[in-house]
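>
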DNA sequence: TGAAACTATTAGAATAATTATAATTGTTAC
DNA sequence: GTAACAATTATAATTATTCTAATAGTTTCA
């Protein structure tokens, strides 16, 4: 699934969240929102620098962290070797295919959490992540 | 919570799973099952080598991986910076306190998953992990 | 306008977790 | 006792991520 957005649309997307739109941030945002895929920092680094390098690894991390902090994307922790960034911030969950290391969205309505335990005293609920680990038979 | 087990009990615990009990493995197992805590590889490395070093980092990783593979412990992926190892392998879920980086068990019966989506074609269900992220107010 | 003072952004270098490799030690079978 | 195999180790490499210094941008005020 791809989703074409104009540079202007992406610029105001950032502005609406209080993020100063710089060249690097626009490139990374464009990439995330046009692809609508689950990308790792490394994926973003490769894609944004396809051809000549223009954006450093550190900037990729800064930018992804900033976007996540401002609710533009969401971190998904399912793979011990890396964090994924999901441009879909609506409530939903994930299949994690341990054979391929890929994530697949699960629409929120397909997972029904009937009961949640009481949050420990003095703590604030931040979010609930459901990861359904699946595997292609015959693979490790 | 601590749980005292004799060296013999731990030895047969490993044997029952088809794991040859070596000195290093017994030390690590003893540590995991007496503490009943969520430990990272680094934690295990520190604890097992309190005093003089006897077990290398690589052996710690090998051993934890082996134990997990044989169902003696369970990997919990909640913190992007490291993997936790949980000696409790009964079905249950976790709070992850993002302020302190600590895990707290949630008994299985306190989380009720009413519906699960159909596993993608040709895939095999491996497990379902529910991570409830919580935070101490005022912390990042 | 123009430059000092400050803030925000970027990226090269450093760090931490983990894994791969190859050497070493221990065990088993005959 | 020794060949064949399995387990352990250390080193070093790799990968993901963060730190910090440097750069670019913005504001203040003379």
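Residue numbers (my numbering), protein chains in the order written: chain G, 129 to 268; chain F, 129 to 268. Positions of the beta carbon are idealized from the N, C-alpha and C atoms, including for glycine.
1) Could you pull the DSSP bridge partners for residue 203(G) from this structure?
2) Leaving aside the five residues before and after residue 220(F) along the sequence, list all residues of the same chain whose C-beta is less than 8 Å from its C-beta, in chain order.
3) Can you pull the chain G neighbours of residue 265(F), defined as C-beta to C-beta under 7 Å?
4) What does a CB cutoff of less than 6 Å around residue 145(F) pick up in its chain, not counting 5 residues either side in sequence?
5) Can you tell me whether DSSP reads residue 239(F) as helix, strand or coil?
6) So, is the C-beta of residue 171(F) closer than 7 Å to a C-beta in chain G?
7) In whole angstroms, what separates the C-alpha of residue 264(F) from that of residue 224(F)?
8) Can you list the residues of chain F that residue 225(G) reaches, using a CB-CB cut of under 9 Å?
9) In three-state terms, what does DSSP make of residue 263(F)?
10) Evaluate residue 251(G) with the Cβ neighbour count: other Cβ atoms within 10 Å of its Cβ, from every protein chain shown; 16 or more gives buried, anything less gives exposed.
11) Check whether the Cβ atoms of residue 213(F) and residue 231(F) sit closer than 7 Å, and answer yes or no.
12) Name, please, each residue of chain F whose Cβ falls closer than 8 Å to the Cβ of residue 273(G).
13) Terminal residues of the continuous alpha helix (DSSP H) containing residue 139(G)?
14) Counting only Cβ pairs nearer than 7 Å, list the residues of chain F close to residue 145(G).
15) Helix or strand or just coil, what does DSSP make of residue 162(G)?
16) What are the boundary residues of the alpha helix (DSSP H) that residue 172(G) is part of?
17) From the DSSP output, in three-state form, read off residue 188(G) for me.
18) Would residue 158(F) be called buried (16 or more neighbouring beta carbons within 10 Å of its own) or exposed?
19) Would you mind telling me which residues of chain G sit closer than 9 Å to residue 261(F), beta carbon to beta carbon, in chain order?
20) Compare the beta carbon distance of residue 256(F) and residue 260(G) with 7 Å and say whether it is the shorter of the two.
21) Run down chain F in chain order and give the residues with a C-beta less than 9 Å from the C-beta of residue 220(G).
22) Quick one, which of 210(G), 167(G), 196(G), 177(G) has its alpha-carbon nearest residue 217(G)'s?
23) Could you tell me the distance, in whole angstroms, from the CA atom of residue 183(G) to the CA atom of residue 267(G)?
24) Please state if the CB of residue 138(G) and the CB of residue 160(G) are separated by a distance shorter than 7 Å.
On the basis of the data shown:
1) Reading the first chain from its first residue, position 75 is the one you call residue 203(G). DSSP lists 213(G) as partners of residue 203(G).
2) Along the second chain, one-based indexing puts residue 220(F) at 92. Contacts found: 233, 234, 235, 236.
3) As a position in the second chain, residue 265(F) is number 137, starting the count at 1. The contacting residues are 252.
4) Counting from one through the second chain, the residue named residue 145(F) turns up at place 17. Hits under 6 Å: 198, 200.
5) Locating residue 239(F) in the second chain gives position 111, where the first residue counts as 1. DSSP places residue 239(F) in coil when its eight states are reduced to three.
6) Taking the first residue of the second chain as 1, we reach residue 171(F) at position 43. Closer than 7 Å: no.
7) Within the second chain, residue 264(F) is the residue found at index 136, counting from 1. Within the second chain, residue 224(F) is the residue found at index 96, counting from 1. Straight-line Cα distance between these residues: approximately 11 Å.
8) The residue labelled residue 225(G) in the question sits at position 97 within the first chain. In chain order: 248, 251.
9) In the second chain, residue 263(F) corresponds to position 135, counting from 1. Strand at residue 263(F).
10) As a first step, residue 251(G) must be located in the first chain, where it is residue number 123. Classification of residue 251(G): buried, given that the 10 Å Cβ count is 16 or more.
11) Numbered from 1 along the second chain, position 85 holds the residue referred to as residue 213(F). Numbered from 1 along the second chain, position 103 holds the residue referred to as residue 231(F). Going by C-beta atoms, residue 213(F) is not nearer than 7 Å to residue 231(F).
12) It is not possible to answer for residue 273(G), since the shown part of chain G is limited to 129 through 268.
13) The residue you call residue 139(G) lines up with position 11 of the first chain. Boundaries of the alpha helix (DSSP H) around residue 139(G): 135-144.
14) One-based indexing of the first chain puts residue 145(G) at position 17. The contacting residues do not exist; residue 145(G) stays about 18 Å from chain F at best.
15) Here residue 162(G) refers to the residue found at position 34 of the first chain. Looking at residue 162(G) - three-state DSSP - the assignment turns out to be helix.
16) Position 44 of the first chain, counted from the start, is the residue given in the question as residue 172(G). Start and end: 169-176.
17) Locating residue 188(G) in the first chain gives position 60, where the first residue counts as 1. Residue state, collapsed to three classes: helix.
18) Here residue 158(F) refers to the residue found at position 30 of the second chain. The residue is buried, with at least 16 neighbouring Cβ atoms inside 10 Å.
19) By one-based count along the second chain, residue 261(F) stands at place 133. Result: 253, 254, 255, 256, 257.
20) Locating residue 256(F) in the second chain gives position 128, where the first residue counts as 1. Locating residue 260(G) in the first chain gives position 132, where the first residue counts as 1. Cβ distance < 7 Å, so residue 256(F) and residue 260(G) count as in contact.
21) Position 92 of the first chain holds residue 220(G). Within 9 Å Cβ-Cβ: nothing; residue 220(G) doesn't reach chain F, min ~10 Å.
22) Working through the first chain from its first residue, we reach residue 217(G) at position 89. With distances taken between Cα atoms, residue 217(G) lies closest to 196(G).
23) Sequence index remark: in the first chain, residue 183(G) carries index 55 (1-based). Sequence index remark: in the first chain, residue 267(G) carries index 139 (1-based). Spanning the two alpha carbons is a distance of roughly 36 Å.
24) Within the first chain, residue 160(G) is the residue found at index 32, counting from 1. Within the first chain, residue 138(G) is the residue found at index 10, counting from 1. No. Outside cutoff.
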